[in-house]
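Report on one structure; see the data block that follows.
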Ligand SMILES: Cc1cc2nc3c(=O)[nH]c(=O)nc-3n(C[C@H](O)[C@H](O)[C@H](O)COP(=O)(O)OP(=O)(O)OC[C@H]3O[C@@H](n4cnc5c(N)ncnc54)[C@H](O)[C@@H]3O)c2cc1C
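In this note's numbering, the protein residues as written are -12 to 385.
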């Protein structure tokens, strides 16, 4: 028998950084919410790699949510270390995060594992806020006002205000705009080297405490340290959207896929190849997609989007930060317009459209730079404008 969940006025679809941050912010301000999340439970899938949270966006939202101390317990300032090489193995840029002395200001944008961020946000919500296993199928205006949601398990829910925080392939976005993510001409393959310090101390030393990154002739290889001794590797390769299925690499047979990728990376630095060989388990292909820069839509009463659902950007380190800042702006707008939800959603959307258009344009320039000929020097110059690799950043964008 299909169930109808009891309603809170505000319903959020999606329990990622955007949806959970908003749920926490509204809860501490006295507005109960329901988060409908597709995952069957908090541990239903691995949460991927690490995020650097910036002072004005991700950290600012956590501060407003009263979670600064919890964040500090999980944050890894040393995770900002970076070693950037070109494909010949020349070190072009190095960042070493100083160990803070007692009384020092915290480092500006420490890393946090995505799983730790989710755990800390989930732990800050009243029990029952998140409805697990609620994969939204569709939503439509409810006869008495508000929105009626139908889920894949046959259950339904109604909310006066509906917030789509359901990520890149949002089911709610089509209610506001026909825009869809387009492929960026790049695909990634992601994998994991577990317990690297114990199993491969030489590779652990090569990766260091943060990111080891090689950029070569339009493709790139990155290895990023996570909390529990894992290192996440990510290979980004130029190619069409159907590359994962047409490239001939059998991603459903990880050992064979690894061998095929090692062949593809035959002339890359030995550390890249050794990290790829040391990876265990699945190698997961993922197309890089983005929504159009500067996307906006006409306001529709009682419905809005935040995070990747609203402004999916190339993955160069701004998306989660923008998503959490969206949550803060929306919570602030709702508080600033008590009793007038329409004005609140309009004010939020006006600010969000302007702010994230800039982030999206910067992310677009950066992904093109990384995947252009000479990208390694261009990226090094971006990080150290006065350093030895400095040149004309714009002129090295293909
Ligand atoms: C490889 C990679 C590295 C990145 N690194 C960084 C970084 O360092 N810094 C940074 O700021 N950003 C980074 N990003 C971007 C960042 O991951 C996203 O911008 C961020 O996760 C967006 O948060 P969100 O909550 O909007 O969406 P998501 O994180 O995608 O969360 C959406 C949630 O909605 C749920 N959901 C989806 N569909 C439904 C449905 N139909 N019904 C119910 N629930 C649903 C999902 O299960 C998920 O929990 C990276 C992205 C990638 C791909």
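Idealized CB from N, CA, C, for every residue including glycine.
Please report the residue range of the alpha helix (DSSP H) in which residue 189 lies.
-> 188 to 194
Using beta-carbon positions only, say whether residue 249 and residue 163 come within less than 8 Å of one another.
-> no
Is the beta carbon of residue 212 sitting closer than 8 Å to the one on residue 66?
-> Yes, the pair counts as a contact, with Cβ atoms nearer than the cut-off.
Can you tell which of 151, 346, 228 has its C-alpha closest to the C-alpha of residue 171?
-> Ranking the options by Cα distance to residue 171, first place goes to 228.
Thinking just about the alpha-carbon of each residue, which of 98, 97, 177 is nearest to the one in residue 33?
-> 177
Between the region 275 to 291 and the region 192 to 202, are three or more C-beta pairs nearer than 8 Å?
-> no
Roughly how many angstroms separate the alpha carbons of residue 96 and residue 242, rounded to a whole number?
-> 36 Å
Can you name, in chain order, every residue of its own chain whose Cβ lies under 6 Å from the Cβ of residue 98, other than the five neighbours on each side?
-> 37, 39, 63, 66
Could you check what DSSP says for residue 82 in three-state terms: helix, strand or coil?
-> strand
Comparing alpha-carbon positions, which option in 260, 235, 186 lies nearest residue 210?
-> 260
Between 21, 200, 216, which lies nearest to residue 119 when the distance is taken from Cα to Cα?
-> When only C-alpha atoms are compared, the closest one is 21.
Residue 113: which of 129, 102, 165, 13 sits nearest, CA to CA?
-> 13
Just the C-alpha distance for residue 332 and residue -1, rounded to the nearest angstrom, thanks.
-> 14 Å
So is the beta-carbon of residue 6 under 7 Å away from any non-hydrogen atom of ligand 1?
-> yes
For residue 53, which residues of its own chain have a beta-carbon under 7 Å away from its beta-carbon, when the five flanking residues on both sides are left out?
-> 15.
Mind checking whether the beta-carbon of residue 224 lies closer than 7 Å to any heavy atom of ligand 1?
-> Residue 224 Cβ: outside cutoff for every heavy atom of ligand 1.
Leaving out the 5 sequence neighbours to the left and right, which residues in its chain are closer than 6 Å to residue 308 when beta-carbon positions are compared?
-> 41, 44, 45
Secondary structure of residue 240, DSSP reduced to three states | coil
Determine the direct distance from the alpha carbon of residue 86 to that of residue 61, and round the result to whole angstroms.
-> 16 Å
So, is residue -12 buried or exposed, given that buried needs 16 or more other C-beta atoms within 10 angstroms?
-> Reliability fails at residue -12, whose pLDDT of 43 lies under 50, so the model's placement of it is uncertain and no value is given.
To the nearest angstrom, how far is it from the Cα of residue 265 to the Cα of residue 187?
-> C-alpha separation (whole angstroms): 8 Å.
Test item: CB-CB of residue 216 and residue 253 under 8 Å = no
Going by beta carbon distance, what residues of the same chain come within less than 8 Å of residue 338, once the five residues before and after it are set aside?
-> 316, 320
Enclosing alpha helix (DSSP H) for residue 258 [first to last residue] | 257 to 265
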